[in-house]
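Participant: The structure follows.
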Amino acid sequence: SRRLVVKRAGVCDRESCNQAAHSRPAPALRETVSAGTCGDCPVSDGRSMSLLFPIALVLSIVCLAAPAWADFKAGVDAYHRGDYATALRELRPLAEQGHAVAQYNLGLLYANGQGVPQDDAQAGQWYAKAALQRHAKAQVDLGALCIKGQDIPQDYTMASFLCRLAADQGNALAQVKLGRMYERGKGVPRDFVRANMWYSLAAASGEEFGAELRDALAKRMVPSQIVEARKLAREWKPKTKLATITPTSKP
Numbered sequence: 002s003r004r005l006v007v008k009r010a011g012v013c014d015r016e017s018c019n020q021a022a023h024s025r026p027a028p029a030l031r032e033t034v035s036a037g038t039c040g041d042c043p044v045s046d047g048r049s050m051s052l053l054f055p056i057a058l059v060l061s062i063v064c065l066a067a068p069a070w071a072d073f074k075a076g077v078d079a080y081h082r083g084d085y086a087t088a089l090r091e092l093r094p095l096a097e098q099g100h101a102v103a104q105y106n107l108g109l110l111y112a113n114g115q116g117v118p119q120d121d122a123q124a125g126q127w128y129a130k131a132a133l134q135r136h137a138k139a140q141v142d143l144g145a146l147c148i149k150g151q152d153i154p155q156d157y158t159m160a161s162f163l164c165r166l167a168a169d170q171g172n173a174l175a176q177v178k179l180g181r182m183y184e185r186g187k188g189v190p191r192d193f194v195r196a197n198m199w200y201s202l203a204a205a206s207g208e209e210f211g212a213e214l215r216d217a218l219a220k221r222m223v224p225s226q227i228v229e230a231r232k233l234a235r236e237w238k239p240k241t242k243l244a245t246i247t248p249t250s251k252p
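Numbering (my numbering), first residue to last: 2 to 252.
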């Protein structure tokens, strides 16, 4: 079986470099990752839950040498043509060389079963490699796999840790998921104030579901809790020092 080992270490800023160079979001794919009810998943609220798996095929040459950029673009073009075998062939060498965006997208191919058999364990390994380099979407999707608990052990504590890494970078989906965990006490102590804070931050980034959850939770809170949650949201700042995550095999 597989487990995730957490350690503290420095992280590469390659992903932040890519993000700084491109302000437009990449296209997104909606992929169902759990058939569980709201008790099983922190972003489901009594309804079938679909996670956005953004296919962050960002055309960035900032952190790629010219030959690698050509291979990456070839993988991007192949993906958009639906030629997943070619996309896999072009992206895998880059992922093996340590390019976070390629690692994340290779994980997506495994998660979605595109060009390869669907395999959460393989997806999780590639997400973890990208997560080491502060790739927020990889951290969120790896957290989702820990919640799902298929091919890798279900682990809400690890999921909350991963989502916090991404939430601390300002990822709105991670903030919603982390808020849901605080609201339900999944992987973290139950805390309505913290939940409301994370929902508010997600809402401020344009995440409508965050606003809905914040307003619904506020009806269950006393005024002093709401005041505290708003104060925490105002004072919140993105963090730069992040823990890293790496998968390993358990004997």
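Glycine included, every Cβ here is placed at the ideal spot set by N, Cα and C.
Provide the residue span of the alpha helix (DSSP H) that contains Gly108, from first to last.
Facilitator: Indexing the sequence shown from 1 puts residue 108 at position 107. Ala101 to Asn113 is the span of the alpha helix (DSSP H), which, as asked, contains Gly108.
Participant: Using only CA atoms, which one of Gly180, Pro224 and Leu107 lies nearest to Gln126?
Facilitator: Here residue 126 refers to the residue found at position 125 when the sequence shown is read from its first residue. The shortest Cα separation from Gln126 among Gly180, Pro224 and Leu107 belongs to Leu107.
Participant: Sorted by chain position, which residues of the same chain lie with C-beta nearer than 6 Å to Ala103's C-beta, five sequence neighbours on each side aside?
Facilitator: What you label residue 103 is simply residue 102 of the sequence shown in a count that begins at 1. Leu92, Leu95 and Ala96.
Participant: Is the region 192 to 203 touching the region 155 to 163 in the sense that three or more CB pairs, one from each, lie closer than 8 Å?
Facilitator: With a cut-off of 8 Å, the region 192 to 203 and the region 155 to 163 do not count as touching, because too few Cβ pairs lie within range.
Participant: Does DSSP classify Gln170 as helix, strand or coil?
Facilitator: The sequence position of residue 170 within the sequence shown is 169, counting from 1. DSSP places Gln170 in coil when its eight states are reduced to three.
Participant: For a quick check, are the C-beta atoms of Ala88 and Ala79 less than 9 Å apart?
Facilitator: The sequence position of residue 88 within the sequence shown is 87, counting from 1. The sequence position of residue 79 within the sequence shown is 78, counting from 1. Yes, the pair counts as a contact, with Cβ atoms nearer than the cut-off.
Participant: Using 8 Å for Cβ pairs, my map puts Leu143 next to Tyr128. What's the rounded Cβ distance?
Facilitator: Numbered from its first residue, the sequence shown carries residue 143 at position 142. Numbered from its first residue, the sequence shown carries residue 128 at position 127. Confirmed, Cβ separation roughly 4 Å.
Participant: Measure from the alpha carbon of Gly150 to the alpha carbon of each residue in Lys138, Met222 and Asp120, then state which is nearest.
Facilitator: For the purposes of this step, residue 150 is taken as residue 149 along the sequence shown, with counting starting at 1. Checked all of Lys138, Met222 and Asp120; the closest Cα to Gly150 is Asp120.
Participant: Quick one: residues in its chain with C-beta nearer than 6 Å to the C-beta of Gln123, no 5 flanking neighbours on either side, listed in chain order?
Facilitator: Along the sequence shown, read from residue 1 onward, the residue named residue 123 stands at position 122. Correct list, in chain order: Tyr111.
Participant: Is it buried or exposed for Ser206, if we count other Cβ within 10 angstroms and need 16 for buried?
Facilitator: Residue mapping note: residue 206 aligns to position 205 of the sequence shown, counting from 1. It counts as exposed.
Participant: Starting from the C-beta of Asp192, find all residues in its chain whose C-beta is less than 6 Å away, skip the five residues before and the five after it, and write them out in chain order.
Facilitator: In the sequence shown, the residue the question calls residue 192 occupies position 191. Tyr183, listed in sequence order.
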